[in-house]
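Q: Attaching a single structure in structure tokens format; questions to follow.
Number of protein chains: 2
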Amino acid sequence: MKLIDQLKSKYSEISYLHSAAALMAWDMRTCIPLKGAEMRAEALGYISTLAFRKSVSEEVGALLGQLNENKVQEELTEDEKAMVRVASKSYKRAKAIPPELHQKYSVLTSNSEKVWEKARKENDFNSLEPYLEEIVELSREMARLYGFEDNPYDALLEGFEEGMTARKLRKIIEPLKSDLIPFIKKIVEEGELADASLLEGRFNRRAQEKLSRKVLKLIGYDFDAGRLDETVHPFTIGIGVNDVRVTTKYTSCEFTPSLFGSIHEGGHAIYEQGLPISLKETPLYGACSLGIHESQSRMMENMVGRSREFLSFFYPQIQKAYPSNFKNVPLDEFYRSVNNVKPSLIRIEADEVTYNLHIMIRFELEEALIKGDLRVSDLPKAWNAKMKEYLGIVPDTDSDGVLQDIHWPSGMIGYFPSYMLGNLYAAQMYSKARQEIPGLDKRIEMGDVLSLVDWLRKNIHSMGRRYEPEKLLKAATGKELDPSYFLKYVKEKYSNIYQI
Amino acid sequence: MKLIDQLKSKYSEISYLHSAAALMAWDMRTCIPLKGAEMRAEALGYISTLAFRKSVSEEVGALLGQLNENKVQEELTEDEKAMVRVASKSYKRAKAIPPELHQKYSVLTSNSEKVWEKARKENDFNSLEPYLEEIVELSREMARLYGFEDNPYDALLEGFEEGMTARKLRKIIEPLKSDLIPFIKKIVEEGELADASLLEGRFNRRAQEKLSRKVLKLIGYDFDAGRLDETVHPFTIGIGVNDVRVTTKYTSCEFTPSLFGSIHEGGHAIYEQGLPISLKETPLYGACSLGIHESQSRMMENMVGRSREFLSFFYPQIQKAYPSNFKNVPLDEFYRSVNNVKPSLIRIEADEVTYNLHIMIRFELEEALIKGDLRVSDLPKAWNAKMKEYLGIVPDTDSDGVLQDIHWPSGMIGYFPSYMLGNLYAAQMYSKARQEIPGLDKRIEMGDVLSLVDWLRKNIHSMGRRYEPEKLLKAATGKELDPSYFLKYVKEKYSNIYQI
Chain U
1 MKLIDQLKSK YSEISYLHSA AALMAWDMRT CIPLKGAEMR AEALGYISTL AFRKSVSEEV
61 GALLGQLNEN KVQEELTEDE KAMVRVASKS YKRAKAIPPE LHQKYSVLTS NSEKVWEKAR
121 KENDFNSLEP YLEEIVELSR EMARLYGFED NPYDALLEGF EEGMTARKLR KIIEPLKSDL
181 IPFIKKIVEE GELADASLLE GRFNRRAQEK LSRKVLKLIG YDFDAGRLDE TVHPFTIGIG
241 VNDVRVTTKY TSCEFTPSLF GSIHEGGHAI YEQGLPISLK ETPLYGACSL GIHESQSRMM
301 ENMVGRSREF LSFFYPQIQK AYPSNFKNVP LDEFYRSVNN VKPSLIRIEA DEVTYNLHIM
361 IRFELEEALI KGDLRVSDLP KAWNAKMKEY LGIVPDTDSD GVLQDIHWPS GMIGYFPSYM
421 LGNLYAAQMY SKARQEIPGL DKRIEMGDVL SLVDWLRKNI HSMGRRYEPE KLLKAATGKE
481 LDPSYFLKYV KEKYSNIYQI
Chain S
1001 MKLIDQLKSK YSEISYLHSA AALMAWDMRT CIPLKGAEMR AEALGYISTL AFRKSVSEEV
1061 GALLGQLNEN KVQEELTEDE KAMVRVASKS YKRAKAIPPE LHQKYSVLTS NSEKVWEKAR
1121 KENDFNSLEP YLEEIVELSR EMARLYGFED NPYDALLEGF EEGMTARKLR KIIEPLKSDL
1181 IPFIKKIVEE GELADASLLE GRFNRRAQEK LSRKVLKLIG YDFDAGRLDE TVHPFTIGIG
1241 VNDVRVTTKY TSCEFTPSLF GSIHEGGHAI YEQGLPISLK ETPLYGACSL GIHESQSRMM
1301 ENMVGRSREF LSFFYPQIQK AYPSNFKNVP LDEFYRSVNN VKPSLIRIEA DEVTYNLHIM
1361 IRFELEEALI KGDLRVSDLP KAWNAKMKEY LGIVPDTDSD GVLQDIHWPS GMIGYFPSYM
1421 LGNLYAAQMY SKARQEIPGL DKRIEMGDVL SLVDWLRKNI HSMGRRYEPE KLLKAATGKE
1481 LDPSYFLKYV KEKYSNIYQI
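In order, the protein sequences belong to chains U and S.
Heads up: the first sequence is residues 1 to 500, going by the numbering used here.
Heads up: the second sequence is residues 1001 to 1500, going by the numbering used here.
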């Protein structure tokens, strides 16, 4: 067998194991009976470890060694070269960390998550502090092992967003910050908030599910290659080729969380449903990066889902689903109510204008921790100071502040920036799509989101992991990452809404 | 690590792989989206092969070799000795067949199943004939490789019911046959069939599900360690410790299939839920045999579920669920209608009196095929002749005759007898349980099935695979397998019903 076919064959096996593990994880959150969870955790751990071990086996290492030789490379197609590049990178990264350190980190973060749950409930940062300290310490150690040029944080960031660095982030953040902070201030001072209470009421669960299904179909989600279920925390999971499942959560007093949650997860899901089938079971069959993944969900949720164009098409269906709630509410009022901008404490509830500021705070703090410029014990104070500076509000408790997110207790340092990058990528892509698709706004007003999806399929989804995020964005939009697209988008949209 | 602990550790890994495979199979029949099935089949094949390879690895072989040495055996507990015995036996059996033959058989039977589906639909035995011929030929080859004393059929039977032989079966069948055939004839000639049309009507799906859940709880099924879903073909599957799932099928014009189907699957499921947790992930954590498994489902479905005692407790709930159908139907009439005895063509629809005759026909034919006493081309004729002889009726088409079951096209020769053995085991166990549990009939009349379940837990379920079926039955009932328990049971019940 040719070397590259040997690699593909290994990756087929790995993808089967990942598929099994993904199904086990999905089932654990949707179907599993109460008492079955204990053995499932063990079995899932075993299958995941098997997949990991296979990807760092000596055999794969030797194969990659040979495949990276010049004379072998010459024989490869472009896709095959990309497979070798992606596989080599992930192999090298995995091998950089000794198994004992991996194991230690995994036990530490698993315990730390449990402590965090309690700490958050009881507003007790002190109990989490020693865990965070050890997480920071081990993360610094791992950064050293991964290797970096001038900033250990970059080595961690790389695990979530290939090619991104703290320096690049800072260059993006500066103009964002200097424009967004006064813009938000202006909205708060001069704008008039819509009456969000009109979104509250009693909302039948089945009607919510029907709306979720409708909207998922509208944005191109293929129910023959996926399904929608209910879970406490919504998520999207790719279980295999043509099997990408989404979940949502229905609450009886509001329907917008399930509606926009479904659009958000749907955005993630159509990305995975649109991966290049010709590359299935290879290292290239996957999302380009977390940031690119998030761009797909944020674009669908905010730029499409909360747009006046889309709602002018879809709002009548909402009115039909809940006549007693909305028959007397005009479109414009509904549109404003789902686009309220207001500095708030909790990231996951933040509107699309203030959201990035939440991320900046986290990025600046976690980078300082990893560089050694900030001590864990000073984290709550530093958090509150930045909240004051960027959003003008300070949480009463750490539970609503530094303890709100699971990411740090889970050991995922370097993850947060991908949320912000998702917003920026999305705006830049959407701007390009509007240039290239004649009358896109008009189309969306007619309920045709699929023209946009086609563009995304062609330029983003079908690329898989062929390119790094920077290169993918450049190929799709013709430009380097530029935050001004996002700024232009929010300023136009919200100046109009708030008449400022 | 001690040798036995090394074996246990291997079996832990195997059980995790089996658990993943079982979940993948369950999901394939309940949840999977249409287009996801293709990759799932590949992934499931891979995981199953991985589990199989692990169980026949050189490492396991060497371990078992050492564990079977006298001086090592002396150090083992009784359970550990049983583990070594069970693992060695399955190792030896698996190793007896070369992988290429395994592969060939697997491809052949997979193709043959597809041909059978079409052949059955089109009443076309000829198209299936060459496949069956090859299946018989390869089965004979496998029997030779497994090894046998005087009958190659025994080597196949052993794969489904350890310790059973054609000779033993024949000894059981003779008295059954000579008693059942005239008894059935008497019922047909002198008995008066109940009006089964009272079971037909319109039955709400949700009400059926509620009854299924009620009855499952009554027979001790633990919903915290399992779940009930709907599928085209009902089944029970053990996905892991404390995760044993059942399915049923609801039809709108009859509710008895889902009710008795749920009790049947529930009988299987409480067996697996009751396996000894202390032996989890070892070779002993499983059902003793297919026949013993079937005894649990048939006992619950027929001896409990269709008994006058149980129905006198449960029928009022049926009446409450379907007042317009049953409010004017007295218990006795309902009881008789779910216990109609009538020779019929289709095994899976047969009543409990004629059922075993269907099995005898299949046993006698498949044994003759394997011994070379019957040619595949003569199978339809032989089938019809036996139907005439045992049940007094002959199918108009092969679709309702020799083509009705998937077992032979699936290559499962030697499987059928376990259905009959299930009935016989069940009657013998039930007789013993009635001796040992004071007032069992009365208890069941009060809705207390759990006293019986306790007895089964103690004597059957909690034994796992410690003993072979013969030994288990002897330990539980004090007697060798004796078909007279079954004869006594049906004769008492049905003489009473038909007043003969």
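C-beta atoms are modelled at their ideal positions from N, C-alpha and C, and glycine is treated no differently.
What is the C-beta distance between Lys506/U and Lys54/U, in whole angstroms, given that I count them as a contact (C-beta under 8 Å)?
A: No answer is possible for residue 506/U: the residues shown for chain U start at 1 and end at 500.
Q: Round the Cβ separation of Leu180/U and Val353/U to the nearest angstrom and send it over; I've been treating them as touching at under 8 Å.
A: 7 Å
Q: Of all Cβ atoms in chain U, is any one closer than 8 Å to the Cβ of Glu1058/S?
A: Glu1058/S does not count as touching chain U.
Q: Any beta carbon from chain U within less than 8 Å of Ile1219/S's own beta carbon?
A: Chain U has no Cβ within less than 8 Å of the Cβ of Ile1219/S.
Q: I need the boundaries of the alpha helix (DSSP H) containing Asp229/U, first residue and last residue.
A: Counting along the chain, no alpha helix (DSSP H) covers Asp229/U; the unbroken beta strand (DSSP E) around it starts and ends at Leu228 to Glu230.
Q: Within the same chain, show all residues whose beta-carbon is closer than 7 Å to that of Arg105/U, passing over the 5 residues directly before and after it, in chain order.
A: Per the sequence shown, residue 105/U should be read as Tyr rather than Arg. Contacts found: Leu138 and Gly411.
Q: Mind listing the chain S neighbours of Val241/U? Cutoff is C-beta to C-beta under 7 Å, in chain order.
A: Met1039
Q: Going along the chain, which residues of its own chain have a beta-carbon closer than 8 Å to the beta-carbon of Asn501/U, five neighbours each way excluded?
A: Because chain U in this structure spans residues 1 to 500, residue 501/U falls outside the shown range and cannot be described.
Q: Which whole-angstrom value describes the C-beta separation of Ser418/U and Glu161/U, a residue pair presumed to lie in contact below a C-beta threshold of 8 Å?
A: Indeed, because the Cβ distance is near 5 Å, the residues count as touching under 8 Å.
Q: If we cut at 8 Å on Cβ distances, does Pro438/U have a partner in chain S?
A: no
Q: Rounded C-beta distance between Ala269/U and Val304/U? I'm assuming under 8 Å.
A: Not a contact, Cβ separation roughly 14 Å.
Q: Would you check if the distance between the CB atom of Ile1497/S and the CB atom of Asn1339/S is smaller than 8 Å?
A: yes
Q: Using the beta-carbon count (16 or more within 10 Å), is Ser1127/S buried or exposed?
A: Under a 10 Å Cβ-count criterion, Ser1127/S is classified as exposed, with fewer than 16 other Cβ atoms of the shown protein chains found around its own Cβ.
Q: Against chain S, which members of the segment 6-32 of chain U pass a CB distance test of less than 7 Å?
A: Glu13, Tyr16, Ser19, Ala20, Leu23, Met24, Asp27, Cys31 and Ile32
Q: Of all Cβ atoms in chain S, is any one closer than 8 Å to the Cβ of Phe223/U?
A: yes
Q: Starting from Val1244/S, follow the beta strand (DSSP E) in both directions and report where the run begins and ends.
A: Asp1243 to Thr1248
Q: If we require 4 or more residues per run, which alpha helix (DSSP H) segments fall completely within the segment 1319-1402 of chain S?
A: 1323-1326, 1331-1337, 1355-1371 and 1379-1391
Q: List the DSSP bridge partners of Ile187/U.
A: Per DSSP, none; premise fails for Ile187/U.
Q: When the Cα atoms are used, what is the spatial distance from Gln208/U to Met1360/S?
A: 55 Å
Q: Can you say whether Gln1428/S is buried or exposed, counting buried as having 16 or more other CB atoms within 10 angstroms of its CB?
A: buried
Q: I need the DSSP call for Thr165/U, collapsed to helix, strand or coil.
A: coil
Q: Along chain S, in chain order, which residues have C-beta atoms closer than 7 Å to that of Lys35/U?
A: Asp1224, Ala1225 and Asn1242
Q: Indicate the three-state DSSP secondary structure (helix, strand or coil) for Glu1470/S in the structure shown.
A: helix
Q: Any beta-carbon of chain S closer than 8 Å to the one on Ala43/U?
A: yes
Q: Which residues in chain U sit within 7 Å of Ile1047/S, going by Cβ to Cβ distance?
A: Tyr16 and Ala20
Q: Using only CA atoms, which one of Gly159/U, Glu129/U and Leu132/U lies nearest to Ala143/U?
A: The shortest C-alpha separation from Ala143/U is found at Gly159/U.
Q: What residue does the beta strand (DSSP E) around Gly1238/S start on, and which one ends it?
A: Thr1236 to Gly1240
Q: When burial is assigned at 16 or more other CB atoms within 10 Å of the CB, is Met299/U buried or exposed?
A: Counting the other CB atoms within 10 Å of its CB gives Met299/U a total of 16 or more, which places it among the buried residues.
Q: Would you grab the beta carbon distance between Thr256/U and Leu228/U for me? Rounded to a whole angstrom, and I think it's under 8 Å.
A: About 17 Å separates the two Cβ atoms, so there is no contact after all.
Q: Exposed or buried, what is Gly1147/S when buried is set at 16 or more other beta-carbons lying within 10 Å of its beta-carbon?
A: exposed
Q: Tell me whether Ser15/U is buried or exposed, calling it buried when 16 or more other Cβ atoms sit within 10 Å of its Cβ.
A: buried
Q: Would you kindly report the start and end of the unbroken alpha helix (DSSP H) that includes Arg213/U?
A: Note, Arg213/U: alpha helix (DSSP H), Arg205 to Leu218.
Q: Report the option in Glu1272/S, Lys1214/S, Ala1021/S and Arg1205/S whose CA atom is closest to the CA atom of Ile1292/S.
A: Glu1272/S
Q: Is Val394/U closer than 8 Å to Val136/U when the C-beta atoms are compared?
A: Between Val136/U and Val394/U, the gap from beta carbon to beta carbon reaches 8 Å or more.
Q: How many angstroms separate the CA atom of Gly201/U from the CA atom of Pro323/U?
A: 12 Å
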